[in-house]
Amino acid sequence: MLTDTERQAATEFVYREARLADEARYAEWHALWTDDAVYWVPATTDPAADPEKHLSHIYDNRARLDTRIKLLQTGHRYSQEPASAMRRVISNVEIEQAEDGELVVSANFILAELSVQAKHEMHWWVGRTTHRLRRVDGVLKMRHKKVVLVNAAEPLPNLTFLL
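Residue numbers (this note's numbering): 33 to 195.
Right, dumping it as structure tokens:
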């Protein structure tokens, strides 16, 4: 059974992770991950989807995450130059402890993105995230993040930022 302290730490982690992504604080966001990280945005809302068998918008391991962050930091990701202004709202946070001891934190989100690179358009991203967190040297780190978009199976605009 989870303690109130563990629940609070997991909830604060998810809020902080979202804020760092919103504020384009890429180095700090990147430091939240474990070495065996997986960042997955499936192209389906099917809960039984398998990234090895189904199409994904994003399916990054740690090396690919490293590259993604480096591109965002260098300004060579022209589709995010200047970076989109973003804010997300997190709600319906649910926390469980997995059999392996990791914390599984699921939450709904709404992300407002003002895409200013070409047309100055407002995009709305809505979905549910699932974070798998574990302690590394006493600090919570993110091993896995899955982002299931409501419109996952539809054609999507630019996804070069962090969901």
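Ideal Cβ positions, reconstructed from N, Cα and C, are used throughout, including at glycine.
In the pairwise beta carbon analysis, the stretch 82 to 90 is classified as not touching the stretch 52 to 63: fewer than three pairs are separated by under 8 Å. In the DSSP assignment, His-62 falls within the alpha helix (DSSP H) that extends over 58 to 62.
Taking the CA atoms as reference points, Arg-100 sits about 10 Å from Asn-93.
According to DSSP, Met-154 shares a beta bridge with Leu-146.
Put simply, the backbone Cα of Tyr-47 is about 7 Å away from that of Ile-122.
The secondary-structure analysis by DSSP pairs Ile-101 with nothing; it has no beta-bridge partner. Secondary structure of Ala-95 (DSSP, three-state): helix. Here Ala-53 is not near Met-174, since their CB atoms are 8 Å or more apart. Distance from the CA of Asp-169 to the CA of Arg-51, rounded to the nearest whole angstrom, comes to 23 Å.
Buried is the label assigned to Leu-181, since at least 16 other Cβ atoms lie within 10 Å of its Cβ. For Thr-106, the number of other beta carbons within 10 angstroms of its own is below 16, and it is reported as exposed. For the pair Val-137 and Val-125, the CB atoms are nearer than the 8 Å cut-off. Annotation for Ala-185: Ala-75, Thr-76 and Thr-77 place their beta carbon closer than 8 Å to its own, counting only its chain and skipping 5 residues before and after.
Apart from sequence neighbours up to five positions away, the residues of its chain that approach Gly-159 with a beta-carbon distance below 7 Å are Phe-141, Val-179, Val-180, Leu-181 and Val-182, ordered along the chain.
Within the same chain, and ignoring the five residues on either side of Ile-90 in sequence, the residues whose Cβ sits closer than 7 Å to its Cβ are Tyr-71, Trp-72, Val-73 and Leu-191.
Counting the other Cβ atoms within 10 Å of the Cβ of Leu-87 gives fewer than 16, which makes it exposed.
Shown here for His-152: same chain residues with a beta carbon closer than 8 Å to its own, the five before and five after excluded, namely Leu-146 in chain order.
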